[in-house]
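Chains as they are written, first to last, in the numbering used here: chain X, 833 to 1012; chain Z, 833 to 1012.
Virtual Cβ for every residue (Gly too), placed ideally from N, Cα, C.
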DNA sequence: CATCCTGTTCAGTCTTGACAAAACAAACCG
DNA sequence: CGGTTTGTTTTGTCAAGACTGAACAGGATG
């Protein structure tokens, strides 16, 4: 969902104040790369992860082409990955009146969370279906038990994730909107 | 860790009693495939996931070559993937005195769980490092807040997983060993 | 010792998906 | 209108990794 911003805030990609911070910049690079790797583990393109990292560190929305420059990546990749993240509800596209360009800002994590929760619910359903299909007379007492444990496992996992979502939202400092 | 079994139980890959159950077999196939897909999402080879599914449905340890037959997959793949899962603590290799062949049984889920929990702790650490590196005077109030939220997010997530582990273990019906 | 049996490792094929360059489309501007 | 800016789509390349067949290794067994 594209958001329109009345206030034309300047584009500042996390430059603090003093320009002497080599270590800060290094830390930022590390963080961005770490996010890239981390999200790669979650089946997202590495660039998408880096995008998330960069946007987390950027207090104000970042311009499309700045993303490409800063991440040293083609505009094509930025286009593809921003669209991906936008559809997932992880980032928001921001536009401003009188400005033809697109800006992006982070939309916190819950989008991802729900995705993971869904995965577990799907697995829970699979296990349940299997348990139903199992004949009651079978010698597979162990199997039934195992499936029940598995069902419980996935259920609790999904519930916990839902809980985390609530917990994170509670600690919320800003009134940013939350993705469904 | 290879386990030695005193009782030479027969190899029965989940055949219930009556042979008339086409639907049961179909359900098993579905379940096995579902586990294959599910675990593929978690960066495991699909065959490894199917292996997990099959072993969940098998009350008794299954012979190496039966795994290959049942899954219609090369012995090489079985070798590779059983070793993988064994190292991860997801399955156990079972041997029997006077039998040169290898059998495998499921070792419930916790191994996987801990892996996931670890992933989140790593990410938490990344976010913490970044927060430390951030100069306190910076204009990035928002960024600090965001990082704190992220840290809390990952922390709660990892903790929840740890909790799930306990909850699943509590419901444990058999006295099977638990992987660290 | 020759041979089978069982599992592992190696080398090669094939699929998948990330990424980039370039062509493209749409909106704006002169 | 022709040219510019901005983002998208298409096309092609490349790398990673799953899977297999075949060669291999070690132990039993005649």
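Between residue i and residue j, which are expected to be in contact by the criterion C-beta below 8 Å, what is the C-beta distance as a whole number of angstroms?
{"i": "residue 978 of chain Z", "j": "residue 888 of chain X", "result": "6 Å"}
{"i": "residue 945 of chain X", "j": "residue 876 of chain X", "result": "Incorrect: roughly 14 Å between the Cβ atoms, too far for contact."}
{"i": "residue 923 of chain Z", "j": "residue 912 of chain Z", "result": "Rounded, the Cβ-Cβ distance is 13 Å, inconsistent with contact."}
{"i": "residue 967 of chain Z", "j": "residue 856 of chain X", "result": "6 Å"}
Between the Cα of residue i and the Cα atoms of the options, which residue gives the shortest distance?
{"i": "residue 955 of chain X", "options": "Z:865, Z:854, Z:858, Z:856", "result": "Z:865"}
{"i": "residue 985 of chain Z", "options": "Z:871, Z:952, Z:879", "result": "Z:952"}
{"i": "residue 1035 of chain X", "options": "X:874, X:879, X:872, X:886", "result": "For residue 1035 of chain X there is no data in the structure shown, the boundaries of chain X being 833 and 1012."}
{"i": "residue 980 of chain Z", "options": "Z:959, Z:861, Z:910", "result": "Z:959"}
{"i": "residue 894 of chain X", "options": "X:905, X:920, X:925", "result": "X:925"}
{"i": "residue 908 of chain Z", "options": "Z:967, Z:855, Z:879", "result": "Z:879"}
{"i": "residue 973 of chain X", "options": "Z:974, Z:931, Z:891, Z:950", "result": "Z:891"}
{"i": "residue 957 of chain X", "options": "X:975, X:982, X:874", "result": "X:982"}
Going by DSSP, what residues sit across from residue i in a beta bridge?
{"i": "residue 931 of chain Z", "result": "Z:928"}
{"i": "residue 996 of chain Z", "result": "According to DSSP, residue 996 of chain Z bridges with nothing at all."}
{"i": "residue 894 of chain X", "result": "X:936"}
{"i": "residue 923 of chain X", "result": "X:938"}
Taking 6 Å as the limit between beta carbons, can you name the residues of its chain near residue i, skipping five residues before and five after?
{"i": "residue 899 of chain X", "result": "910"}
{"i": "residue 868 of chain Z", "result": "878, 881, 882"}
{"i": "residue 863 of chain X", "result": "885"}
{"i": "residue 918 of chain X", "result": "925"}
{"i": "residue 873 of chain Z", "result": "none"}
So, for residue i: in the same chain, excluding its five sequence neighbours on each side, which residues have a beta-carbon less than 7 Å away from its beta-carbon?
{"i": "residue 871 of chain Z", "result": "880, 881, 884"}
{"i": "residue 933 of chain X", "result": "895, 896"}
{"i": "residue 976 of chain Z", "result": "963, 966"}
{"i": "residue 905 of chain X", "result": "879"}
{"i": "residue 851 of chain X", "result": "Because the pLDDT of residue 851 of chain X is 48, which lies under 50, any placement of that residue in the model is unreliable, and the number read from its coordinates should be weighed accordingly. There are no such residues."}
{"i": "residue 930 of chain Z", "result": "none"}
{"i": "residue 854 of chain X", "result": "none"}
{"i": "residue 950 of chain Z", "result": "none"}
CB-CB under 8 Å to residue i, same chain, minus the five flanking residues each way: which ones, in chain order?
{"i": "residue 1006 of chain Z", "result": "Below a pLDDT of 50, predicted positions are generally treated as unreliable, and residue 1006 of chain Z, at 37, falls in that range; no measurement from the model is reported."}
Next on the checklist: I want to know whether the stretch 989 to 998 of chain Z touches the stretch 980 to 997 of chain X - three or more CB-CB distances under 8 Å.
Outcome noted: yes
Item to check | the stretch 926 to 943 of chain X in contact with the stretch 957 to 969 of chain X per 3-pair CB rule at 8 Å | outcome: no
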